[in-house]
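Per the working numbering, the sequence shown starts with residue 2, numbered consecutively.
Even glycine gets a Cβ: it sits at the ideal position worked out from N, Cα and C.
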Amino acid sequence: MSGANFGANSANACANLGKNLSATTQNANSAQSKNARKGYVLLISGPSGAGKSTLLARLMSEFKNELYFSVSCTTRAARNGEIDGVNYHFISEDDFKKGIEEGLFLEYAFVHSHYYGTRAKETEQALQQGKIVIFDIDVQGFHLVRDKLKDTLTSVFITSKSANELKNRLLKRASNDDIEKRLKNAQSEMKALCEYDYLIINEDLERAYEQLKSIFMAQKLKLSCYNVNEILSEWIKS
Ligand code: 5GP
2 MSGANFGANS ANACANLGKN LSATTQNANS AQSKNARKGY VLLISGPSGA GKSTLLARLM
62 SEFKNELYFS VSCTTRAARN GEIDGVNYHF ISEDDFKKGI EEGLFLEYAF VHSHYYGTRA
122 KETEQALQQG KIVIFDIDVQ GFHLVRDKLK DTLTSVFITS KSANELKNRL LKRASNDDIE
182 KRLKNAQSEM KALCEYDYLI INEDLERAYE QLKSIFMAQK LKLSCYNVNE ILSEWIKS
């Protein structure tokens with residue numbers, strides 16, 4: 002089952018986010034605010050065990066003032082060392098379903114036998130502040146947000162160099178995760194990689210990090226991430 006089965010509320014959350022984003026841009030332009038940048042979403046997907054969390058933690062620590070990590074809600078249990086409110090909001094299945102009913106989620110999906118979802122309100126607020134919002138979500142979630150976020154979205158698929166390497170990494174992880182299920186899901190997730198803007202094959206952590214950083218830096222300079230009218234009017238005035 003995927004989040005699409007409960008699509009109406011998520012669709013509303015997405016539609017609101019889209020509207021609010023364009024309102025933010027207009028407000029920023031008309032108020033001639035000093036903030037010449039628009040927020041955007043840097044969305045990361047990839048098989049479990051590919052190293053997404055490690056790479057993102059490093060990006061977050063290097064660029065903490067510019068980035069906002071969207072902390073997802075999940076019904077899975079916390080792993081050793083994971084902190085509620087930092088890695089995830091760990092909630093019960095009842096609370097998750099209530100959140101769905103209340104339209105709390107921008108998107109959500111059933112992944113590896115648990116629910117995972119992105120809270121709409123926090124994302125919206127961070128984007129309004131011109132932040133770069135990081136989503137670490139699965140392929141189903143990517144499909145649910147990509148049409149709504151349009152040019153506000155940059156998507157990156159991160160994977161290991163081989164299926165075998167992925168298996169070794171999952172085996173090394175001290176967790177109760179169902180490894181067989183995660184490996185099986187990895188096969189279908191890999192089929193979606195051609196739908197993303199960028200691909201990182203994480204063979205060497207240092208190199209993969211430099212690649213992720215390059216994508217983030219290049220994206221910041223994209224014209225669609227600026228409030229162009231504001232820059233022009235400031236330029237003329239000064
Ligand atoms: P893990 O249990 O290993 O932390 O995450 C399992 C999978 O769920 C990963 O592929 C991760 O990207 C995905 N995931 C985490 N949060 C969300 C979310 O809010 N929405 C969706 N659709 N997937 C998520």
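Outcome for residue i when other beta-carbon atoms lying within 10 angstroms are tallied against a minimum of 16
i    : result
S46  : buried
L206 : exposed
R208 : exposed
K149 : buried
G86  : exposed
N162 : At residue 162 the sequence reads Lys, which differs from the Asn that was named. Per the 10 Å Cβ criterion, exposed.
I101 : buried
D179 : exposed
E204 : exposed
Q130 : exposed
Q33  : With a pLDDT of 39 at Q33, under the threshold of 50, the modelled position of this residue cannot be trusted; read the value that follows with caution. Label assigned to Q33: exposed.
A29  : Unreliable positioning characterises A29 in this predicted model, as indicated by a pLDDT of 39, which lies under 50. The coordinate reading is nonetheless provided below. The residue is buried, with at least 16 neighbouring Cβ atoms inside 10 Å.
E108 : buried
A78  : exposed
A187 : buried
CA nearest to the CA of residue i, picked from the options
i    : options                : result
L1   : K221, E211, K223, S225 : This structure cannot settle anything about residue 1, because the visible part of the chain is limited to 2 through 239.
I216 : E190, S62, E94, L200   : L200
I159 : P48, V146, Q188, V42   : P48
S71  : V229, V112, F136       : F136
F64  : E83, K132, R77, R183   : K132
C226 : C195, L128, S93        : L128
Q220 : E67, E125, A78, L233   : E67
S73  : D95, E196, G142, M61   : G142
K182 : G40, N81, V112         : V112
A110 : M191, L233, L145       : L145
N169 : S156, V157, L184       : L184
V157 : N228, C195, L171       : C195
H115 : K122, K192, D96, Q126  : D96
Identified DSSP bridge partners for residue i
i   : result
R38 : Y227
I92 : DSSP output for I92 lists no bridge partner at all.
F70 : I135
4-residue-minimum alpha helix (DSSP H) runs that sit fully inside the segment 137-161, ordered along the chain: Runs found: 140-150.
Any beta strand (DSSP E) of 3 or more consecutive residues that is wholly inside the segment 157-231: The segment 157-231 contains these whole beta strand (DSSP E) runs: 199-202.
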